[in-house]
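Chains as they are written, first to last, in full-length UniProt numbering: chain X, 1 to 276; chain G, 1 to 337.
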């Protein structure tokens, strides 16, 4: 066994999310590994399709669902094309969990803004589910979620549940031109909708994930509204290969995203050279 | 304090080790060049060389290496791990700049997660360095805190002196080898000191390097990058010949339903190194990729591991097809500190 050795996951269920995104629910083949496996919300894994390669992806399930993990994958390249076309019963390689996590303990008693764009939702879903499991620990959950179009929203089943959940304020939006006739959400880019919401920084913490440009503008919007950079968290998903702080690919300045991240505060990001 | 013992010659070390049926890797002449290759006859090793074409990096971090075999059908998945046992090996006669590269890379491969492929080879290998007696104008080891006779990375360093050869023993592995070689006669510290003074004179290219990390920290977007580094064509020759560059890729090479996962050398100077699946590339133009190489070697690595990721061997300068001289870039930075 080496640090590069994967364990095997068996696909239990495939949930199609959009035309190019699928959620895989997977269980570990090795019972002892499944027993010992634990992770924290925000950590990631290297998911591998044998013959295609490995790909760094966030674990999207809650740590409380023992023995199985969920991952939502957008079909973009070779590995993700293979993973998104997986069927129940297929075997996938897994290394992890890697990286740091969202410090949910530190956020107790706060109002939490979850702000997600596109498939970026999958990287904060684990935190959102964990928070909702212990929702009395947190004051309020605001979920602002945007996608390019109605058809590209992920986790639609859960969004419907959140709409009924009194602890969650759900604001969903699609980019201009992405709406449909019966669309009951907003139309506008995530940072613009956030701007309209006039988020109050007092007693609040924000968790942001989406495409790099959305993260940059969303952080700027939050800071403009008085959020301290220390209270704004995001997760960066640079190109990675090893996940172990060796292959030299994911660094931003001296930070390895795979080891020092993927979770960073906006204060940490402000110190980075513009190289991400 | 390192122990000094007399040794007949580097050749005698090879001869003795071969007679003991040990695995020896040494510089071997290959046309105009020298390469580190296994030798089974003392005559094959050639220590009258300047610098080998590649360092012995490839022995510890091969250009391509299988890390997992897989065979996957719908009903059965078989994974096969490669053997992590490596034979006891003696690398004899490498230059101090190449030996030091190993102690620099150790920090990375043994930090946090341990790369067993690298570590197992390191543990089973003894390094016998050979101090330089020649340097060219692309050598700049002294600016990197090293010297043509530095013992860093060598378990034993052989130094040619006025009186013959001395073996400078720095590690337990070195002591073990010294007793294997039956080295007993004490060497003279004064003889060693004089050899060191002469070795220092070999290096003609020198600049002040201590201010470089600081300059790099505050000048990430300096115009110097575009003006000096834009001619880089991204061929990666510098990174592949570099004894300290260690970035790698992991790829699957399938053959039908089976195949192998391999770790291959990669390079920050290549366009595809950081490109996201979406097509977005944080290092969108070539000078940004070359800048990463400099920042990594002379700033980030220093912050993380306390050393320059460079030994001043000068290979990157000699092989660059567009004469992008890294020492010149460093001299320029040094002059601005």
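For glycine and all other residues, C-beta sits at the position ideal for the given N, C-alpha and C.
Inset, instruction - Establish whether the CB of residue 251 of chain X and some CB of chain G are separated by less than 9 angstroms. - result: yes
Inset, instruction - Can you have a look at residue 170 of chain G and say buried or exposed, based on whether 16 or more other CB atoms are within 10 angstroms of its CB? - result: buried
Inset, instruction - Could you tell me whether any Cβ in chain X is nearer than 9 angstroms to the Cβ of residue 304 of chain G? - result: yes
Legend entry - Span separating the alpha-carbon of residue 237 of chain X from that of residue 262 of chain X: 6 angstroms
Inset, instruction - Taking residue 41 of chain G as the reference, give the member of G/33, G/50 and G/24 with the closest Cα. - result: G/24
Inset, instruction - Since I believe residue 204 of chain G is in contact with residue 310 of chain G (beta carbons under 8 angstroms), could you give me their beta-carbon distance rounded to a whole number of angstroms? - result: About 18 angstroms; that fails the 8 angstroms criterion.
Inset, instruction - Mind checking which residues open and close the alpha helix (DSSP H) that includes residue 215 of chain G? - result: 212-218
Legend entry - Reduced DSSP secondary structure (H/G/I, E/B, other) of residue 142 of chain G: helix
Legend entry - Unbroken beta strand (DSSP E) run spanning residue 265 of chain G, endpoints: 258-265
Legend entry - residue 247 of chain X in three-state terms, based on DSSP: coil
Inset, instruction - Can you tell me which of the three DSSP states residue 27 of chain G falls into? - result: strand
Inset, instruction - Just grab the DSSP bridge partners of residue 1 of chain X for me. - result: Its beta-bridge partners do not exist; DSSP assigns none.
Inset, instruction - List the residues of chain X whose Cβ lies closer than 8 angstroms to the Cβ of residue 110 of chain G, in chain order. - result: Under the 8 angstroms cutoff, chain X gives no residues; its nearest Cβ is about 10 angstroms from residue 110 of chain G.
Legend entry - Endpoints, the beta strand (DSSP E) within which residue 255 of chain G is located: 248-255
Legend entry - Cutoff 9 angstroms: residue 222 of chain G Cβ touching any chain X Cβ: no
Legend entry - Proximity winner among X/106, X/241 and X/189, relative to residue 252 of chain G (alpha-carbon distances): X/241
Inset, instruction - Could you check if residue 227 of chain G is buried or exposed, using at least 16 other CB atoms within 10 Å of its CB as the buried criterion? - result: exposed
Inset, instruction - Would you list, in chain order, the members of the UniProt domain "FAD-binding FR-type" (4-104) of chain X that have their beta-carbon closer than 7 angstroms to a beta-carbon of chain G? - result: 4, 5, 8, 50, 51, 52, 53, 54, 76, 77, 80 and 91
Inset, instruction - To the nearest angstrom, report how far apart residue 107 of chain G and residue 85 of chain X are at their CA atoms. - result: 40 angstroms
Legend entry - Where the segment 112-129 of chain G meets chain X: residues whose CB sits under 8 angstroms from a CB there: 112, 113, 114, 115, 116 and 117
Inset, instruction - Decide if residue 317 of chain X is buried, meaning its Cβ has at least 16 other Cβ atoms within 10 Å, or exposed. - result: Since the displayed chain X opens at 1 and closes at 276, residue 317 of chain X lies outside it and no answer follows.
Inset, instruction - Measure the beta-carbon distance from residue 120 of chain G to residue 84 of chain G and round it to whole angstroms, keeping in mind my assumption that it falls under 8 angstroms. - result: 5 angstroms
Legend entry - Closest residue to residue 319 of chain G among G/43, G/221 and G/234 (Cα-Cα distance): G/234
Legend entry - Contact list for the segment 230-260 of chain G against chain X, Cβ threshold 7 angstroms: 246, 247, 248, 249, 250, 251, 252, 254 and 259
Legend entry - Residue(s) in a DSSP beta bridge with residue 71 of chain X: X/24
Inset, instruction - Could you tell me whether the Cβ of residue 262 of chain X comes closer than 9 angstroms to any Cβ of chain G? - result: no
Inset, instruction - With a floor of 3 residues, list each beta strand (DSSP E) that falls wholly inside the segment 42-89 of chain X, ordered by position along the chain. - result: 44-49, 53-58 and 68-74
Legend entry - Rounded C-alpha distance that separates residue 77 of chain G from residue 71 of chain G: 6 angstroms
Inset, instruction - Label residue 74 of chain X either buried or exposed according to how many other C-beta atoms from any shown protein chain fall within 10 Å of its C-beta, with 16 as the threshold for buried. - result: buried
Inset, instruction - List the DSSP bridge partners of residue 35 of chain G. - result: G/28
Inset, instruction - Could you check the C-alpha separation between residue 207 of chain G and residue 133 of chain G for me, to the nearest Å? - result: 21 angstroms
Legend entry - residue 67 of chain G: contacting residues in chain X (beta-carbon distance under 9 angstroms): 2, 4 and 5
Legend entry - C-beta neighbour in chain G for residue 216 of chain X, strict 9 angstroms: no
Inset, instruction - Assign residue 169 of chain G to one of three DSSP states: helix, strand, or coil. - result: strand
Legend entry - Opening and closing residue of the beta strand (DSSP E) in which residue 169 of chain X lies: 168-174
Legend entry - Span of the alpha helix (DSSP H), counted from its first residue to its last, around residue 122 of chain G: 116-123
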